[in-house]
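For reference, the structure discussed in these notes is given below.
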Amino acid sequence: MYAKVRRAFENNFILRLSTGATTLLQKITVNPITITLPQADERFLVTYNNTVRTDTLFNNLTSGNGFTKDSIQKNTKDWRITKSRKLETGGTLSIVYALPADDYNASMQQLRVLVLIYIPAAIIISIIAGYFLSGIFLLPLKEIIKKANRTDLTASIQLLEEPAFKDELHELTVALNRMLERIDSQSRLQNAFFAAASHELRTPLSNLLTELQTTKVADIPGEMQVLIQNQVAEVQRLKKLVDNFLLMSRLKADSVVVNKRNIHIAELCMEIMERLQQQASESGLKFMLNISPADEDIVVLADKDHLTIILGNLFSNCLKYGVANSVVRVDIVQRDCVVVTVQNETAVIIEDVKSLQEQFTRIESYKEGFGLGLWIATRLSEINHAQLNLHYKNKVFSAALRICAVVREAK
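All the letters of the sequence shown, read from the start, carry residue numbers 13 to 423 under this note's numbering.
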């Protein structure tokens, strides 16, 4: 752009020179000698050559008179052009016409300032202003994106706030709200189906499990005894799945009742360990319980059934994924809050430990489990105003349950 504008300025200035020189040359006569007086900014040299000698008819140039015929000379002070005209007498009339370059130089200086300073500055200002203005104008859209990223079926769906102006963004918000309402309605119907199906399956499964467990195994042949034991294990597994589905439906419907009471957390942990002791022995694992401070009875305020489910899931996971002949370490520490940490070595590589707290997420290399235990534990922790955090580093998995509702007993 700079080169094109500069060329246009040069062509215009050359045209002025050529026109001025030609006009003067046409008005000059030799016999008698007639020369038009120069204007305020004009300088020229007029010569006449009759093939014998060259005479100067007029000259008010300051310096630099001679240069090639019909050529242009440029310098910082002025631009000059040479024109010639053949006369009828046989002689040649020549003119060196000059105009000051002040206007051209000033125009070029303004062009350089415009191209090198003003236009880049305008572009930078436009980019900065566009960035901030676009941020302001796109705030409603960013809010929609933020809420959309937070929306899932694990919590109640919040509708988007509709803009005041009836523009395209308003239509988009209305369409998204209708979609969210449909998703919420279908999710509620799905949860209702899960709850109803789980409730209907729970009773016959309990009856079947009771009948299998009360069967006199001693009166049955050995092969049938193994078959009954396998059936008991499968029915227990299926009953646990139904119980999880039922609890999941109640959690999603926010219909879980919380009955908080004082719980001796160390005693509850030992009860769960004793219940899982046989399974731990079969897996070659041992429980180790550490309490700090050791001389205090640590009491928390929570729902005992919920806390039993949470800790039971954490301990069961340690037995499933723990390395044989290792120790499952349970630490109970009381400071401002009570933190129960369950830690075990595992041979399983966990890419994203946080994802285990989502529903139906489990370790693919391990075929047992339903991917609901840690999700249920997380949701039960939330409704009991506790916090469950998972960590995995150097093949060591740990789960920390933080309970801040602590009962301080007077000594």
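Each residue gets a CB set at the ideal place from its N, CA and C atoms; glycine is no exception.
Here T227 has I240 as same chain residues with Cβ atoms under 8 angstroms from its own Cβ, once five neighbours each way along the sequence are excluded.
For a cut-off of 8 angstroms, the C-beta gap from I107 to K98 is around 13 angstroms, too long to register as a contact. Positions of the beta strand (DSSP E) runs, each at least 3 residues long and wholly inside the stretch 344-388, are given as 350-357 in order along the chain. At least 7 angstroms separates the beta-carbon of A118 from that of D90. Just measuring C-alpha positions, the residue of V312, L313, E294, E286 sitting nearest M300 is E286. Residue pairing by DSSP puts P112 in a beta bridge opposite D90.
I107 has V58, K95 as its beta-bridge partners, per DSSP. Look at the beta carbons and you see the stretch 306-320 not touching the stretch 354-373: under three pairs across the two are nearer than 8 angstroms.
Three or more Cβ pairs closer than 8 angstroms define a contact, and the stretch 341-352 meets that threshold against the stretch 288-307.
The Cβ atoms of L36 and I93 do not sit closer than 7 angstroms to each other.
Going by DSSP, A398 is part of the beta strand (DSSP E) stretching over 398-405. D307 sits in coil when the DSSP states are folded into three classes, being neither helix nor strand. Apart from the 5 residues on each side of it in sequence, Q51 has no Cβ closer than 6 angstroms to any other Cβ in its chain. In this structure, the straight-line span from the alpha carbon of L258 to that of W387 is close to 14 angstroms. It is roughly 22 angstroms from the alpha-carbon of L384 to the alpha-carbon of V342. Distance from the Cα of E394 is smallest, within the candidate group Y404, F409, S410, I415, for I415.
Around the beta carbon of I277, 16 or more other beta carbons sit within 10 angstroms, so the residue counts as buried.
If you check the CB distance, V352 and L413 come in under 7 angstroms. Within the stretch 146-230, complete alpha helix (DSSP H) segments of at least 4 residues are found at 151-162, 180-225, given in chain order.
In the DSSP annotation of this structure, the continuous segment of the alpha helix (DSSP H) that includes V244 starts and ends at 234-264. Excluding sequence positions up to five before and after L263, its CB lies within less than 6 angstroms of the CB of R391, all in the same chain and listed in chain order.
Beyond the five residues adjoining it in sequence on each side, Y14 comes within less than 6 angstroms, by CB distance, of V127 in the same chain, given in chain order. Nearest to F409 by alpha-carbon distance, out of T59, Q202, E357, is E357. With respect to the 7 angstroms criterion, A292 and L331 are classified as neighbours on the basis of their beta carbons. For A314, the secondary structure class from DSSP, reduced to helix, strand or coil, is strand. Sixteen is the threshold: when 16 or more other Cβ atoms of the shown chains lie within 10 Å of the Cβ of I284, as they do, the residue is buried.
Taking 7 angstroms as the cut-off, the Cβ atoms of V360 and L326 do not count as close.
Considering only E235, L57, Y109, the residue with the shortest C-alpha distance to L27 is Y109. Contact between V244 and L224 is confirmed by a C-beta separation of about 5 angstroms, below the 8 angstroms threshold. Excluding its 5 nearest sequence neighbours in each direction, A336 has C-beta neighbours in its own chain below 8 angstroms: S295, G296, L297, listed in chain order. With a contact defined as Cβ atoms closer than 8 angstroms, L221 and V254 miss out at about 11 angstroms. By the criterion of at least three beta-carbon pairs nearer than 8 angstroms, the stretch 172-189 is in contact with the stretch 144-157.
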